[in-house]
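The opening position of the sequence shown corresponds to residue 756 in the numbering used here, with each subsequent residue numbered one higher.
No residue lacks a Cβ here, since even glycine has one placed at the ideal position from N, Cα and C.
Presented below is the structure to which this report refers.
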Amino acid sequence: MEEVWKPGSFTKNFSWGRNSNGLVELHSIIRAGFNDALEDVPRTEFRERIKKSGHTEYIPINFFLFNRTIAGVDMICADELVFQALSWDHSPAFDKVALFAFLFSYVGKWKKAAAYQRRPALWANAYVLERVASKYNWNTKSVTADDIQNFVQNDPRYKAETSRKLATNLNFLLHIGKVQDFGEKRPGRWWVDCLFLALDRLIEDSLIDGRTYRTSEYINLLSHSKFFELTGGENLEKQLATTHLIRLYTALGGRDRLSEDAVRDKILQEEPQFQSMRVNDSRPRGATHLTNPRILKSISPFCADLAKKAGFDVISPDEMDEMQAAEFIRGRTESALAVLNEKGIRPNMTIEELLKITRGGA
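This is the structure:
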């Protein structure tokens, strides 16, 4: 299919506020549109709620959120971006996940949508991939409205007469969303959330066309979508992290992880003797992998048992806020050494002998 770039409603004014506010307006709109409930909502109902709040609804629902017609009704789907907005106060971490959702540009379909609206911001996706990542190596000093305008105007894929408003809007969005952080080589918490969001969007988008994918195909699905290029490139640490996170994503039931009823049904299928998953604290938990504390995924509290079965350690909300990777590693190491000491396990060689072996000595 020929790639067509059209700005659509992105040329409309949107009250982002001051630079220091980040994407707080989008955060508030998502909460209002979903009425603080992690459930798919009819598109018309979402729009009505936003209109009452005095905001412009077109940019959020056409560029940031995911749309799908279910049983004849246009719905806006609850996914990782919505989970982040409803679970946490606004923060720079949310801004990066939201900016990724925009740049990834998978927003689904609704009844009256034009073909190009299924991926409405491919011009922004291409600018970041071809200019910011490849040409500028994530150095955003050269990212300006003039540079963006020059990029789209000189590309045959751009099918619009005007480009200035698009360029100024995108430039502002990239800067307040901190696109420079997308070049980070190590997986951070925002990157982990973006991976879950990418899977949510890719899987939902494939369902529109009646396609399904096996878990073993998820890594290729991510690669084909250019997820890694859009988030700093691929390396060994990210490859290993992706393997663990796909296992977690699947164990939690994909997008069903956001529904307490769906998670309860999944647990009962796997463990018929299961009685209850009541929690005293409704705040999200942290699922971290013992091989790499940077792999930290926020999950709903009722998903804790499923995360443990997937090989993840679950930490409390307070531990998530206070967690530092170095301290986490040191604490886990001390705990492991204490267990070995209790069991009377002692080394049977000196450090010098061990170094000889690891360095290839005789």
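Is the stretch 846-860 touching the stretch 921-935, taking contact as three or more C-beta pairs under 8 Å?
With a cut-off of 8 Å, the stretch 921-935 and the stretch 846-860 count as touching, because enough Cβ pairs lie within range.
Measure the C-alpha to C-alpha separation of L781 and P815 and round it to an integer number of angstroms.
As a first step, residue 781 must be located in the sequence shown, where it is residue number 26. As a first step, residue 815 must be located in the sequence shown, where it is residue number 60. Take the alpha-carbon of L781 and the one of P815: they are about 7 Å apart.
When the Cα of F951 is compared with those of D844, Y973, A879 and Y968, which residue comes out closest?
Residue numbering aside, residue 951 sits at position 196 when the sequence shown is read from its first letter. With distances taken between Cα atoms, F951 lies closest to Y973.
Cβ neighbour criterion (16 or more within 10 Å) applied to M1104
Residue numbering aside, residue 1104 sits at position 349 when the sequence shown is read from its first letter. By the neighbour-count criterion, in which 16 or more other beta carbons inside 10 Å mark a residue as buried, M1104 falls on the exposed side.
Buried versus exposed call for A1081 [16 or more other C-beta atoms within 10 Å across all chains shown]:
Along the sequence shown, one-based indexing puts residue 1081 at 326. Legend: pLDDT at A1081 = 43, less than 50; position of this residue unreliable, value from coordinates given subsequently. When all chains shown are included, A1081 counts as exposed.
Nearest by alpha-carbon distance to T970: which of I1001, F982 and F849 is it?
Residue mapping note: residue 970 aligns to position 215 of the sequence shown, counting from 1. The shortest Cα separation from T970 among I1001, F982 and F849 belongs to I1001.
For R941, does the three-state DSSP call read helix, strand or coil?
The count along the sequence shown starts at 1 and reaches residue 941 at position 186. Three-state result, R941: coil.
Count the other C-beta atoms from every protein chain shown that fall within 10 angstroms of the C-beta of F1029, then say buried if there are 16 or more, exposed otherwise.
Reading the sequence shown from its first residue, position 274 is the one you call residue 1029. Exposed.
Cutting at 7 Å between CB atoms, please list the residues of its own chain near L884, excluding the five before and the five after it.
Against the sequence shown, residue 884 aligns to sequence position 129. Hits under 7 Å: K981, E984 and L985.
For T811, list the residues DSSP reports as bridge partners.
Taking the first residue of the sequence shown as position 1, residue 811 is located at position 56. According to DSSP, T811 bridges with nothing at all.
Can you check which of these residues, R966, W865, T998 and S1014, is closest to P698 by C-alpha distance?
Residue numbering for the chain in the displayed model covers 756 to 1117; residue 698 lies beyond these limits and cannot be assessed.
Which same chain residues end up closer than 7 Å to D936 when comparing Cβ atoms and leaving out the 5 residues on each side of it in sequence?
By one-based count along the sequence shown, residue 936 stands at place 181. The residues are K851.
Does the stretch 1060-1067 come into contact with the stretch 1011-1025, if we say contact requires no fewer than three beta-carbon pairs (one atom in each stretch) closer than 8 Å?
As far as the Cβ criterion goes, the stretch 1060-1067 touches the stretch 1011-1025, which means the pair count is three or higher.
Inter-stretch contact (C-beta, 8 Å, three-pair minimum) for the stretch 828-844 and the stretch 792-802:
Yes, since at least three Cβ pairs between the stretch 828-844 and the stretch 792-802 fall closer than 8 Å, the two stretches touch.
Cβ-Cβ separation, Y1004 to L954 (assumed contact under 8 Å), whole Å:
Stepping through the sequence shown from its first residue, residue 954 is reached at position 199. Stepping through the sequence shown from its first residue, residue 1004 is reached at position 249. Cβ-Cβ separation between L954 and Y1004: approximately 6 Å, consistent with a contact (criterion under 8 Å).
Just mark T1043 as buried or exposed, buried being the case when its beta carbon has 16 or more other beta carbons within 10 Å.
If you number the sequence shown from 1, residue 1043 lands on position 288. That one is buried.
Taking 8 Å as the cut-off, does the stretch 833-845 touch the stretch 784-794 (at least 3 CB pairs, one atom from each stretch)?
The stretch 784-794 is in contact with the stretch 833-845.
Who are the Cβ neighbours of R1049 in its own chain at under 7 Å, not counting the five residues just before and after it?
Along the sequence shown, read from residue 1 onward, the residue named residue 1049 stands at position 294. A distance below 7 Å between beta-carbons, with the five flanking residues on each side excluded, links R1049 to the following residues of its chain, in chain order: R941, P942, G943 and A1080.
Looking at the unbroken beta strand (DSSP E) that takes in T824, where does it start and where does it end?
On the sequence shown, position 69 is the one that residue 824 refers to. Under the DSSP assignment, T824 falls in the beta strand (DSSP E) whose first and last residues are F821 to I825.
Starting from H999, trace the alpha helix (DSSP H) both ways and give me its first and last residue.
One-based indexing of the sequence shown puts residue 999 at position 244. L991 to A1006 is the extent of the alpha helix (DSSP H) around H999.
K920 to W878 span [Cα, whole Å]
Working through the sequence shown from its first residue, we reach residue 920 at position 165. Working through the sequence shown from its first residue, we reach residue 878 at position 123. Going by C-alpha positions, K920 is about 13 Å away from W878.
Beta carbon of F765 nearer than 8 Å to that of N924
Within the sequence shown, residue 765 is the residue found at index 10, counting from 1. Within the sequence shown, residue 924 is the residue found at index 169, counting from 1. For F765 and N924, yes; Cβs fall inside 8 Å.
Segments of 4+ residues assigned as alpha helix (DSSP H) that fall wholly inside the stretch 880-929:
The qualifying runs are 900-908.
Just how far apart, CA to CA, sit S918 and D844?
Here residue 918 refers to the residue found at position 163 when the sequence shown is read from its first residue. Here residue 844 refers to the residue found at position 89 when the sequence shown is read from its first residue. Linking S918 to D844 through their CA atoms gives a straight-line distance of about 34 Å.
What is the DSSP secondary structure of S1053, reduced to helix, strand or coil?
Locating residue 1053 in the sequence shown gives position 298, counting from the first residue. S1053: strand per DSSP, three-state reduction.
Using DSSP with H/G/I as helix, E/B as strand and the rest coil, what is P762?
As a position in the sequence shown, residue 762 is number 7, starting the count at 1. Coil.
I need the straight-line Cα distance from Y968 to A833, nearest angstrom please.
To locate residue 968, count along the sequence shown from 1; it is residue 213. To locate residue 833, count along the sequence shown from 1; it is residue 78. Computed Cα separation, rounded: 20 Å.
Can you tell me whether DSSP reads A1042 as helix, strand or coil?
In the sequence shown, the residue the question calls residue 1042 occupies position 287. In this structure, DSSP gives A1042 an extended state, which the three-state scheme calls strand.
Based on Cα-Cα distance, which residue from R1040, I1054 and G1041 lies nearest to G1009?
Residue numbering aside, residue 1009 sits at position 254 when the sequence shown is read from its first letter. Sorting R1040, I1054 and G1041 by C-alpha distance to the C-alpha of G1009 places I1054 at the top.
For G1066, three-class secondary structure by DSSP:
One-based indexing of the sequence shown puts residue 1066 at position 311. Coil.
By the three-class DSSP mapping on this structure, what secondary structure does P847 have?
Numbered from 1 along the sequence shown, position 92 holds the residue referred to as residue 847. Note: P847 maps to helix in three-state DSSP.
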